[in-house]
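Residue numbers (the working numbering): 17 to 139.
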């Protein structure tokens, strides 16, 4: 039971803390931690010193873990969408603020005193 669970590994790789997660995910994490603590407090161990966990409890932990992982991915996906929308709207605001540059035609510059002809141009 001391190894890292999938939701903990996901949180670590994404640099997430429990406080950043939505309340429903925090509640699920509390439930899985409470279940683990109950197993550890039971103090029933096998010959190797590992806690004895019933199949029902194992399945409950796996189900909770899977649900937490899915909700974390949903949270990350939504957070990414919000960031993209923010960037797009900021880009649009910046474009609206920039005045369009008028096209100014450059006046033709004639050099006085030059009478040479090159091609079609008078110099």
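Ideal Cβ positions, reconstructed from N, Cα and C, are used throughout, including at glycine.
Of the residues 21, 20, 19, 33, the one whose Cα lies closest to the Cα of residue 92 is 33. Counting C-beta pairs closer than 8 Å gives fewer than three between the region 23 to 42 and the region 64 to 73, which falls short of the contact rule.
Distances from the CA of residue 56 to each of 84, 99, 69, 95 were compared; the closest alpha carbon is that of 69. Between the region 81 to 88 and the region 39 to 49, the count of C-beta pairs closer than 8 Å reaches three or more; the two stretches touch.
It is roughly 30 Å from the alpha-carbon of residue 22 to the alpha-carbon of residue 101. For residue 47, the enclosing alpha helix (DSSP H) starts and ends at 39 to 58. In the three-state reduction of the DSSP assignment, residue 107 falls in the helix class, which pools H, G and I. For residue 33, the three-state secondary structure derived from DSSP is coil.
Taking C-beta atoms as the reference points, residue 71 and residue 48 fail to come closer than 8 Å.
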